[in-house]
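Engineer: Everything in the sequence shown is counted per this note's numbering, starting at 27 for the first residue and increasing by one. Glycine is no exception: its CB is placed at the ideal position from the N, C-alpha and C atoms.
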Amino acid sequence: MRRSYKVDPRITKAVVERLYGKYPARVIGEVLGLKPQTIAVHAHKHGLANRKRGFMMVRNKTLRKLLLEVVKREVEKIKRELNLEG
27 MRRSYKVDPR ITKAVVERLY GKYPARVIGE VLGLKPQTIA VHAHKHGLAN RKRGFMMVRN
87 KTLRKLLLEV VKREVEKIKR ELNLEG
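1. Buried or exposed, going by whether 16 or more other CB atoms sit within 10 Å of the CB of Ala73?
2. Applying the 10 Å Cβ sphere with the 16-neighbour rule, what's the burial state of Leu60?
3. So, using beta-carbon positions, are Val53 and Leu94 closer together than 8 Å?
4. Would Ala51 and Ile37 be called neighbours here (beta carbons separated by less than 8 Å)?
5. Contact defined as beta carbons within less than 8 Å: I believe Lys98 pairs with Val57. What is the distance between those atoms, to the nearest angstrom?
6. Can you say whether Leu110 is buried or exposed, counting buried as having 16 or more other CB atoms within 10 angstroms of its CB?
7. Do Leu45 and Glu100 have their C-beta atoms closer together than 8 Å?
Shown next, in the form of structure tokens:
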């Protein structure tokens, strides 16, 4: 996915709060168009960063695609919820 310099901070905050720690930061960042380090910085700002939560990226390409699709669905669901609230 293309890297985006303009990501809605509300979406980033909601996604990091809900998905950080469940999925690798690399996958979350790829879906949002951010770098994994940016995801880690946002998690640290919200008090979610924990060095014990080191997730490794899946090596199998098929499983990696499935994981990416799962995270995409979760992000879309969060975006819909934010649009309904706002």
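Structural biologist: Well, looking at it:
1. Looking at the sequence itself, residue 73 is Gly, so the reference to Ala does not match. Residue environment: Gly73 is assigned as exposed (fewer than 16 neighbouring CB atoms within 10 Å of its CB, all protein chains considered).
2. Within a 10 Å sphere around the beta-carbon of Leu60 sit 16 or more other beta-carbons, which makes this residue buried.
3. Taking 8 Å as the Cβ cut-off, Val53 and Leu94 qualify as a contacting pair.
4. No, the Cβ-Cβ distance between Ala51 and Ile37 is not below 8 Å.
5. With 8 Å as the limit, Lys98 and Val57 qualify as a contact, their Cβ atoms being about 5 Å apart.
6. With fewer than 16 other Cβ atoms within 10 Å, it is exposed.
7. Taking 8 Å as the Cβ cut-off, Leu45 and Glu100 qualify as a contacting pair.
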